[in-house]
Amino acid sequence: MSRTKRAKLNVMVTLITYFVQLFLSMIVRVVFIQKLGNDYLGLNGVLTSTLSMLSLVDLGLDSVFVYTLFQPLKEKDAKKITAVMRLYRNTFRWIAIIVTVLGVILVAFLPEIIGNAGMKLPDVYTIYFLFLANTVSSYLLGYNRSVLNANQQGYIVNGVTSLSFVVVNLAQLISLMIFKNPVLYVSIQLIGTIVLNVIITVIARHEFPFLKVTDRVILDSAEKSKIFKNAVGGFSSKIGSLIVFGSDNIILSLFTNLATVGIYSNYSVITNAIQTILQKVSSALTPSIGHLGVERDSEKNRIVLTEVIFILYTLIAGGYAIYLVVLSPFMRMWVGEKSVFAVQTETLISIVLILQLVRVPFWIYIDAFGLQWVQRWKSIIESFVNIFLTLLFVGPFNLGVNGVLLGTILSTAMTVSWIEPFVIYKYPLKGNFQGVSELLCKFGVLFGIQTFLGYLGEAYLGGNSLISIMGKVATMILVSAAMIIIMFGRSNYFWVLKKRLFN
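Heads up: take any position in the sequence shown, counting from 1, add 17, and you land on this note's numbering.
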């Protein structure tokens, strides 16, 4: 199977399985709110964010090891693949131990993290340790999926993961309806994680039988040094993403209450779902771009990047147009009028979302070309700027949720939004940004106009009837399509879009 066909298969399976998972998770969330309430929902969000901070310990090694596997997989070098996976396994075992120790230490700080109201909920400590066990178990066997992903077989991983997700969510749904027990709910998630990782391990060893060989194969010092450097870069990236987004729920719980955190987390479900769709697509494309990178052709890298940007941004523009119109009425229908923010807050949420989505093509290239080390300072700067601005807006200015969102918007605009494109410009493209700058500017204008129209439509037109929503969706899509045609109608990008998607 060719590189392009595998990429399309990976993307297709990724999207289908993810939408199945998204649909089920939203049903489970509604039942969760009905049976256990917003306080438990807020507790769930805070504990998830808190434990995600502990994943800083893995230094972002997953993408680093995947990058390290591209060349030996292309060259069918079984010994080097085995050596990489052996180092991967041993490293993640140590990480599991460290995360466990840090997680136990963190117990002493739970009252400060979740507040007095949260501590009054039954079984808080039991739920926390189940979350911790779920995090640790992922490190013990989860690394085996990386060799499949690096070999452009992500469709296998996604298919198995989706099936497991369906079974786990159905079990959680039944447990909520019958027992209304948060401990049982989290226990089912833990069991599902363990079983899923065991199944993927069996599949990986079936696809690569030499991984079962117990001979001691060790990477040379130069390879280890390169992995370590990229790990440091990956670590800084994780600091940025986890502090910028993982700290939101914690800061809100400190300055507001768990109910507000619960409402904010409902919006996060939607925005995270959209981001995850793009991240899944990027993960599916990364191995193909990585194998392209082995050829070291900067001009080909530039051409492919412009194609990736145009295709992804066009798809993003269509989805973003629909999102801007349906967000507010969907939230009212899904969680009720009392759990909906004001239109100004929803607009800020939308700006945060689009600023993250436009970074996806550059994430693909950073991971595919192993550029974590060269952009190692980016996320450290971003995290400091974000924390300072967020605390300023939420504390002295008392802006609440809007303060958190403004902190994220400004820290993104001031740091990563220009550093990531510059890294790609300097390394894979060797200083040739022809066509890329034009795409970024034109789509930037489009996304800005879409956001403004979305705000006007919700603030001044309103209307939650199906006809009103459909009319606004149609208008937004037509305006967006017209702008894309005006901007790119005379270029060859539409031919590229047709070729890549349908040939």
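Backbone N, C-alpha and C fix where the C-beta goes; we use that ideal spot for every residue, glycine too.
Can you tell which of the options has its C-alpha closest to the C-alpha of residue i?
{"i": "L322", "options": "Y444, I244, N166, N403", "result": "Y444"}
{"i": "N289", "options": "S42, K22, P128", "result": "S42"}
{"i": "L495", "options": "E324, L463, M136, L269", "result": "L463"}
{"i": "V153", "options": "S485, I115, A100, F196", "result": "I115"}
{"i": "L473", "options": "F460, M493, M487", "result": "M493"}
{"i": "S497", "options": "F511, Q451, Y337, R507", "result": "Y337"}
{"i": "I280", "options": "T362, I112, L123", "result": "T362"}
{"i": "L158", "options": "G448, I486, A221, D140", "result": "A221"}
{"i": "A150", "options": "L457, V203, K255", "result": "V203"}
{"i": "V200", "options": "F439, L213, I235, L147", "result": "L147"}
{"i": "L271", "options": "G120, P128, A248, K246", "result": "P128"}
{"i": "N186", "options": "L341, Q206, A499, K243", "result": "Q206"}
{"i": "T117", "options": "L86, S69, Y84, P89", "result": "S69"}
{"i": "V81", "options": "F126, W390, P226", "result": "W390"}
{"i": "K459", "options": "D79, S356, G506", "result": "G506"}
{"i": "L483", "options": "T85, Y330, V249, M350", "result": "M350"}
{"i": "V184", "options": "L406, V343, I291, V45", "result": "V45"}
{"i": "N107", "options": "L119, Y84, A95, L78", "result": "L78"}
{"i": "I486", "options": "I208, Y84, P346", "result": "P346"}
{"i": "P89", "options": "I397, K22, G471, F225", "result": "F225"}
{"i": "R393", "options": "N419, K355, L374, I436", "result": "I436"}
{"i": "Q292", "options": "V453, V433, V375, A239", "result": "V375"}
{"i": "D140", "options": "I211, L470, L53", "result": "L53"}
{"i": "Y84", "options": "L470, I244, Y340", "result": "I244"}
{"i": "Q467", "options": "I339, N419, K93", "result": "I339"}
{"i": "L344", "options": "V286, I398, A24", "result": "V286"}
{"i": "Y172", "options": "S300, Q38, A334, W512", "result": "S300"}
{"i": "G257", "options": "H223, K91, I398", "result": "I398"}
{"i": "L514", "options": "K355, V360, L332", "result": "L332"}
{"i": "K22", "options": "L302, S253, A359, V212", "result": "L302"}
{"i": "Q169", "options": "G335, A359, V212, L26", "result": "L26"}
Within its chain, find whatever has a CB closer than 7 Å to the CB of residue i; leave out the 5 residues flanking it on each side and keep chain order.
{"i": "V352", "result": "I50, N283"}
{"i": "I366", "result": "Y284, T288, L422"}
{"i": "N198", "result": "S192"}
{"i": "V278", "result": "G59, G62, V63, N266, L269, S270"}
{"i": "G424", "result": "N403, L406, T407, F410"}
{"i": "T273", "result": "G417"}
{"i": "F227", "result": "A95, T99"}
{"i": "L39", "result": "A290"}
{"i": "L71", "result": "V116, L119, G120, T152"}
Leaving out five residues before and five after residue i in sequence, what residues of the same chain have Cβ atoms less than 6 Å from its Cβ?
{"i": "V16", "result": "This structure does not reach residue 16, given that the chain is present from 18 up to 520, and the question cannot be answered."}
{"i": "N161", "result": "I217, T218, A221"}
{"i": "M348", "result": "V357"}
{"i": "I441", "result": "F379, Y382"}
{"i": "L123", "result": "none"}
{"i": "L213", "result": "S181"}
How would you label residue i, buried or exposed, when you count the other beta carbons within 10 angstroms and need 16 or more for buried?
{"i": "T143", "result": "exposed"}
{"i": "K97", "result": "buried"}
{"i": "V521", "result": "Because residue 521 is not part of the residues shown, which for the chain are 18 to 520, the question remains open."}
{"i": "I195", "result": "exposed"}
{"i": "Q451", "result": "exposed"}
{"i": "S66", "result": "buried"}
{"i": "N247", "result": "buried"}
{"i": "N318", "result": "buried"}
{"i": "V121", "result": "exposed"}
{"i": "A24", "result": "buried"}
{"i": "S396", "result": "buried"}
{"i": "A476", "result": "exposed"}
{"i": "G471", "result": "buried"}
{"i": "Q126", "result": "Sequence inspection shows Phe at residue 126; the Gln mentioned does not correspond to that position. Looking at its Cβ environment, which holds fewer than 16 other Cβ atoms inside 10 Å, F126 is exposed."}
{"i": "N419", "result": "buried"}
Between which residues of its own chain and residue i is the CB-CB distance below 8 Å, once the five residues before and five after are set aside?
{"i": "L275", "result": "N55, D56, G59, L60, V63, I131, G132, A134, G135"}
{"i": "R110", "result": "Y156, L157"}
{"i": "L456", "result": "T323, I326, F327, Y330"}
{"i": "G209", "result": "S181, F182, V184, V185, A188"}
{"i": "F489", "result": "A small fix is needed here, since residue 489 is Lys in this sequence, not Phe. So the qualifying residues of the chain are V342, G474, L478, G480."}
{"i": "K241", "result": "L104"}
{"i": "F469", "result": "none"}
{"i": "V433", "result": "G257, R376, K395, S396, E399"}
Is residue i near the ligand FMN - that is, is its Cβ less than 7 Å away from at least one heavy atom of it?
{"i": "R103", "result": "In the structure shown, the ligand FMN is absent, as is every other ligand, since no ligand is present at all."}
If contact is defined by three or more beta carbon pairs under 8 Å, each pair taking one atom from either stretch, is the region 127-137 in contact with the region 178-191? No, because fewer than three Cβ pairs between the region 178-191 and the region 127-137 fall closer than 8 Å, the two stretches do not touch.
Sufficient close CB pairs (3 or more, under 8 Å) joining the region 305-321 to the region 377-389: The region 305-321 makes contact with the region 377-389, as at least three CB pairs between them are under 8 Å.
Does the region 372-382 come close enough to the region 312-332 to have 3 or more Cβ pairs within less than 8 Å? Yes: at least three Cβ pairs fall under 8 Å.
Taking 8 Å as the threshold, find out whether the region 207-226 comes into contact with the region 159-166 through three or more Cβ pairs. A contact exists between the region 207-226 and the region 159-166.
For the 8 Å Cβ check, are there 3 or more pairs between the region 259-268 and the region 421-441? Yes, since at least three Cβ pairs between the region 259-268 and the region 421-441 fall closer than 8 Å, the two stretches touch.
Per the contact definition of three or more C-beta pairs closer than 8 Å, is the region 168-181 in contact with the region 29-39? The region 29-39 vs the region 168-181: in contact.
Take every Cβ of the region 368-379, pair it with every Cβ of the region 309-320, and state whether three or more of those distances are shorter than 8 Å. Because the criterion of three Cβ pairs below 8 Å is not met, the region 368-379 and the region 309-320 do not touch.
Using 8 Å as the cut-off, can you tell me whether the region 231-247 makes contact with the region 103-111, which would need three or more C-beta pairs spanning the two stretches below that distance? Counting Cβ pairs under 8 Å, three or more are found: they touch.
Between the region 407-422 and the region 501-516, do three or more beta carbon pairs fall short of 8 Å? Not touching, per the Cβ criterion.
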